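2 protein chains.
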Amino acid sequence: MSAPRAAGEAVDNPRRPTLTQVAELAGVSLKTASRALNDEPNVAEATGARVRQAADLLGYRLNGIARELRRGATSALVGLVSGDLANPFYSAVASGIERELRQHGLQLVTANTDEDAELERALVEAFLERRVRALLVVPSGDRHEYLAIEGNRGVPFVFLDRPPDGLEADAVLIDNAGGARAAGEHLLSHGHRRIALVADLARMAPQRGRLDGFVQAMDAAGNDQWRPYLRTDVHDVHRAEETVRELLTRDPPPTALFTTNNRLTTGALRALRGHPAAPALIGFDDFDLADVIGTTVVAHDPVAMGREAARLAHRRISGFGGPAQTVIIPTEVVARGSGERAPA
Amino acid sequence: MSAPRAAGEAVDNPRRPTLTQVAELAGVSLKTASRALNDEPNVAEATGARVRQAADLLGYRLNGIARELRRGATSALVGLVSGDLANPFYSAVASGIERELRQHGLQLVTANTDEDAELERALVEAFLERRVRALLVVPSGDRHEYLAIEGNRGVPFVFLDRPPDGLEADAVLIDNAGGARAAGEHLLSHGHRRIALVADLARMAPQRGRLDGFVQAMDAAGNDQWRPYLRTDVHDVHRAEETVRELLTRDPPPTALFTTNNRLTTGALRALRGHPAAPALIGFDDFDLADVIGTTVVAHDPVAMGREAARLAHRRISGFGGPAQTVIIPTEVVARGSGERAPA
DNA sequence: CTGAAAGCGCTAACAT
DNA sequence: ATGTTAGCGCTTTCAG
């Protein structure tokens, strides 16, 4: 005898049994079967057992779609639209969201935009058609007005990492400026003046915040020797590596580096590998093994970020109608060696 | 004038407009409105325009739930039930799945089990009630018979990383034994005999495969000096770190280490940090910055794994009824230094 | 080209 | 304790 198969289903797919069929087999009415299977009161012990037996026999499974339609066309799904789940930052956020939602019986549905604003919009539309209860977005596009109508019609939005532009909505943001300022001050306090800043796309709000914070620290210290070493719009690991290599050939070279996200830090680490007199380095975003490599970072808690976003969403779902809230996730400089190297 | 708000939706949620209302406003029948909005043929230019205008005015959005119910109670959703999305291995797999599904207009829904077999079962049930088109599972529990009925009723299953037990179903697995054998041979060829093996829960199939492959390599070389250094059921980073520290205090100590997944490798790297005469190290699973740290690994492609799984699922959804297939993802030893250190 | 009627599978409201 | 009727919002016949 062979094992039951899950593979060849397409061959014999005689449509799933419905509640009506269960009721017929059990010799009761549709509604009684419904009551029995939903553990509602007012079902005789024996009747309930008969219904459950019939359901088992038929391999019946409740049709959640029909139920949702009848109950008001709103699912237990919460959508997350983000740039790239393969980035550990986003996946940590997603896992924080998922865990918190589950506490409330909600389910996370994810979609990647690959940082494409048009795809983002299409995915948002798709989620709304699916009647998600709330929508969490790490926006790539810059204008979000198109979401406003939705918000007014019962689908709460929560923005993550980047603030909403063009509408009021809940958001969970990182203290970008504060973290970057702290990084700048940290390097200054270790004697650095020629500090290179390697940043991602400057049009993104978090990157702007980090740039601003860094500049504040420099201005406050009356240092402007960093300016020749500013490099923005470096968007991938490879470009980051090249950029850092180029910076090191300058004369004089920078004595320190500040990279404004985990991808750029990875690129910098590659460029610095085996370098005899590596400049000091601080990276924004903590990462696995930073302790092993000894990389000083501006750390924050992405799982907490997801959790807070899920909480905001849940509050709205539960009927909270107050003004939009913004939660700021704090940052902290974690010294591990690379950021404490003195200027050469 | 203030920005449109997305926050206070709960206050005024007058139920979403329906197609009937759009039709009324446009002065056409329900069906005509449906045709116009779905770009079906046989709609006069002017009529279509009027309908679309009415829809915009009302802020109408199609109710995907009603559509799905009518079209056969099956969604465009594909479920993924996995252990822990925060683990970069799983999130890479998820991103491979997501990308491939999107090619076919399918949407990924994810849920984490935290490696809990009961939660896994509950989540699978929940997905089935939601009428997912296919279900991808990285199973934590060991018996999967309970899925068999579903498989016969039109919901294809694909198992990832761990083979199905108790039913026939498509699967995508890593060449665990082959990779581990290659790692063993690699260390042997560099002169190692006292090789420590640090493994995760031995009841998990991938771990067993890796153990077996390693043992095969040792047996083939007639080496059994590794046996005193076998440590299994090491399940988290912290325990891995402790275990490696303990191993290093043995007399004589092992001259090489093989860690059988990314978590254990991380723990080993922490234990080895700053060690004057670190043993050679090979880790199963590649990871970010392994190149920077110089860690030799048994690499494989988790994104490809996700992609293959999504392809199998899509084939089944499209009606393929052949026997269950298993795709094996190949592995490769990537030498980066740590695995090539000679015995002390 | 347009419309009327039926019904997907379920639950809510109202009998009995 | 059980049954009957209606209808969620849409698409699918089948007629005009």
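Same order as they appear, the protein sequences are chains E and H.
Residue 1 is where the first sequence starts when you use the UniProt record's numbering, and the numbers rise one by one after that.
Residue 1 is where the second sequence starts when you use the UniProt record's numbering, and the numbers rise one by one after that.
The C-beta atom is built at its ideal place from N, Cα and C for all residues, glycine as well.
On a predicted model such as this, the values are computed, not experimentally measured, just so you know.
- Contact holds between the region 197 to 205 of chain H and the region 214 to 232 of chain H, because three or more Cβ pairs, one in each stretch, are under 8 Å apart.
- With respect to V137 of chain H, V81 of chain H sits close: the two C-beta atoms are nearer than 8 Å.
- Taking CB atoms only, D286 of chain H has no neighbour in chain E less than 8 Å away.
- In this structure, DSSP gives N112 of chain H an extended state, which the three-state scheme calls strand.
- Within chain E, no C-beta atom comes less than 8 Å from the C-beta of P253 of chain H; the nearest is roughly 20 Å away.
- Residue pairing by DSSP places F284 of chain E opposite E:V298 in a beta bridge.
- The region 25 to 34 of chain H makes no contact with the region 274 to 288 of chain E: fewer than 3 CB pairs, one atom from each, lie closer than 8 Å.
- With a 10 Å radius around the Cβ and a threshold of 16 neighbouring Cβ atoms, E246 of chain E comes out exposed.
- Taking 4 residues as the minimum length, the alpha helix (DSSP H) runs contained wholly in the region 9 to 88 of chain H are 19 to 26, 30 to 37, 45 to 58, 64 to 71, in order along the chain.
- Within the region 97 to 114 of chain E, the residues whose Cβ lies closer than 9 Å to some Cβ of chain H are E98, R99, R102, Q107, L108, V109, T110, A111, N112, D114, listed in chain order.
- Residue contact with chain H for I282 of chain E: absent (no Cβ-Cβ distance below 8 Å to any residue of chain H).
- Only residues of its own chain outside the window of five on either side were considered, and among them H314 have a CB closer than 7 Å to the CB of H104 of chain E, listed in chain order.
- L197 of chain E: not part of any alpha helix (DSSP H); member of the beta strand (DSSP E) spanning 195 to 198, first to last residue.
- Chain H has no Cβ within less than 8 Å of the Cβ of S34 of chain E.
- Secondary structure within the region 173 to 259 of chain E: the beta strand (DSSP E) runs of 3 or more consecutive residues, fully enclosed, are 195 to 198, 256 to 259 (chain order).
- At the C-beta level, G79 of chain E and M305 of chain E stay beyond 8 Å of one another.
- DSSP places L160 of chain H in the uninterrupted beta strand (DSSP E) bounded by 157 to 160.
- L211 of chain E and R181 of chain E have their alpha carbons spaced roughly 9 Å apart.
- Residues of the UniProt domain "HTH lacI-type" (17 to 71) of chain H that bring their beta carbon within less than 7 Å of a beta carbon in chain E comprise G59, R61, L62, N63, G64, I65, A66, E68, L69, in sequence order.
- Following the DSSP letters along the chain, one finds E332 of chain E in no alpha helix (DSSP H) but inside the beta strand (DSSP E) bounded by residues 332 to 334.
- In this structure, A299 of chain E sits away from D288 of chain E, with a CB-CB distance that is not shorter than 8 Å.
- For L160 of chain H, the closest Cβ of chain E is not nearer than 8 Å.
- Here the region 104 to 113 of chain E makes contact with the region 106 to 120 of chain H; the two share three or more CB pairs at distances below 8 Å.
- Closest by C-alpha distance to A240 of chain H, out of H:A268, H:G213, H:T255, H:P206, is H:A268.
- Chain order gives the chain H residues near V292 of chain E as L269, R270, R273, I293, where near means a beta carbon separation below 7 Å.
- With a cutoff of 8 Å on beta-carbon distance, I65 of chain E and L69 of chain H are scored as near each other.
- Distance from the CA of A169 of chain H to the CA of V155 of chain H, rounded to the nearest whole angstrom, comes to 11 Å.
- When secondary structure is reduced to three states using DSSP, L136 of chain H falls in the strand class.
- Interface flag for L289 of chain H against chain E is set, since a Cβ pair is found closer than 8 Å.
- Under the Cβ criterion of 8 Å, L128 of chain E is counted among the residues facing chain H.
- Contact annotation: F89 of chain E and N262 of chain E have beta-carbon atoms nearer than 8 Å.
- For T266 of chain H, the nearest CB of chain E lies under 8 Å from its own CB, placing it at the interface with that chain.
- Counting every other CB atom within 10 Å of its CB across the protein chains shown gives N42 of chain H a total below 16, marking it as exposed.
- In terms of beta-carbon proximity, L85 of chain H lines the interface with chain E, with at least one pair separated by less than 8 Å.
- For G213 of chain E, the closest alpha carbon among the candidates E:T331, E:S140, E:G166 is that of E:T331.
- Put simply, of H:R102, H:V292, H:L123, H:P139 the residue whose alpha carbon is nearest the alpha carbon of A126 of chain E is H:R102.
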